[in-house]
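Quick note: the sequence shown uses the working numbering, first residue 93, plus one each step. Positions of the beta carbon are idealized from the N, C-alpha and C atoms, including for glycine. Reading through the structure tokens given below for one structure.
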Amino acid sequence: MPGARELRARIDSVEETRKITNAMRLIASARLRWAAGKLEGTAPFFRALEEQMLPAIRSGCVGAETKAPAGPPGLLVIGAERGMAGAFNTNVMQEALRLRKQEPETRLFVVGDRGRRFLQSRSVPVEAEDCFPGGRPDRAMARRICALLLDRYEQGEIGALRLLYTHMRTRLDLELRCARLLPLGPAEDGAGEEASFEFVPDRRTVLDDLIPAVLSGYLYCALLSSYGAEQSARVQAMETATQNADGLLDKLELSLRRERQAAVTREITEVSAGALARRQEAERSLRT
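Now the structure itself:
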């Protein structure tokens, strides 16, 4: 059993770790509130994209009889920028690996440094020049990613594009989602194919302006949702770590008290033994 000095050193170490995990929990909670507020504000816009803009684009693409470029499929993966978020990043990247296993020629585009490191550590090829930093998302980030991927699509370097991200239904309910971004043909379930739209001044002009705007808006909502999900996972992980630190501190303090009691008992025993020895020696002196 470790001595009192070792126990005190261990208690100090755990207390410092607890301060760190608790601070990270508070920071992640503040970021989660920011993301939740942004998501609430963009929810009507996101619904309008899904219910009105995407059907209009699909109708325009069908009418123009566009064909997807003959290239390998692409997968845009939104992972974590930092660690200490439980299994958040691992879940996303494992799903990306599963999708890539189904189509080995898939080209991976990654948002978030932690996700890129995860894939590279497993010798999975990643489009290094098209890796995007994570962190707090904004519309400029979404437009930049969208423009680059659209350019790759138009040049025929990718023939299709899917988006893999974590959707935050609630702060405790996180769900992995995989959505098709390109080509913008009919919906996979056939919904909305019967809708017809009139394009003014002409179909090509409207689609050239509408497609980048809608895709960047959709991507911005996905980035926000994934960022909020990452912070939610980090809050839960740091809460668990703080609770574990509290439990460990209780055990260490109990061990320290027992060690102190044992030390006091040893001292009392030694004093009692010494007093008894002196008494016995005094009695022998009196007899002689």
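- Between Pro165 and Glu197, the gap from beta carbon to beta carbon is short of 9 Å.
- Within the stretch 205-238, the complete alpha helix (DSSP H) segments at least 4 residues long are 205-213, listed from N- to C-terminus.
- Annotation: Leu99 is outside any beta strand (DSSP E); the continuous alpha helix (DSSP H) that includes it extends over Ala96 to Ala140.
- Secondary-structure assignment with DSSP links Pro165 through a beta bridge to Ala252.
- The distance from the Cβ of Gly171 to that of Arg228 is about 15 Å, inconsistent with a contact at the 8 Å cut-off.
- Taking a contact as a CB-CB distance under 8 Å, the pair Leu255 and Ala239 does not count as one, their CB atoms being some 15 Å apart.
- By the Cβ criterion, the stretch 199-215 is in contact with the stretch 178-190, since at least three pairs of Cβ atoms, one from each stretch, lie closer than 8 Å.
- As computed with DSSP, Cys270 is found in a beta bridge with Leu256.
- Between Leu274 and Tyr245, the gap from beta carbon to beta carbon is short of 9 Å.
- When DSSP states are grouped into helix, strand and coil, Leu276 belongs to the coil group.
- If you check the CB distance, Gln323 and Ala96 do not come in under 9 Å.
- Taking C-alpha positions only, Ile103 is separated from Leu341 by approximately 6 Å.
- When only Cα atoms are considered, Thr262 and Leu189 end up about 26 Å apart.
- 9 Å or more divides the Cβ of Ala122 from the Cβ of Ala325.
- DSSP places Leu264 outside both helix and strand once states are collapsed to three, so it counts as coil.
- Taking each of Ile112, Gln372, Leu315 and Gln212 in turn and checking the Cα distance to Leu268, the smallest one comes out for Leu315.
- Comparing alpha-carbon positions, the option among Ile303, Arg379, Leu264 and Asp230 lying closest to Thr134 turns out to be Asp230.
- Within the same chain, Cβ atoms closer than 7 Å to the Cβ of Val327 are found at Arg117, Ala120, Ser121 and Leu124, the five residues on either side in sequence being excluded.
- Note on geometry: alpha-carbon atoms of Gly251 and Ala162 lie some 5 Å from one another.
- Boundaries of the alpha helix (DSSP H) harbouring Arg192: Phe180 to Gln194, taken from the DSSP string.
- Thr109 and Arg100 have their alpha carbons spaced roughly 14 Å apart.
- By the CB criterion at 9 Å, Ala234 and Ser317 fall outside the cutoff.
- For Arg199, the three-state secondary structure derived from DSSP is strand.
- Put simply, of Leu211, Ser377, Met330 and Asp265 the residue whose alpha carbon is nearest the alpha carbon of Asn114 is Met330.
- With respect to the 9 Å criterion, Leu253 and Leu191 are not classified as neighbours on the basis of their beta carbons.
- Our two residues, Ala367 and Arg350, have alpha carbons roughly 25 Å apart in a direct line.
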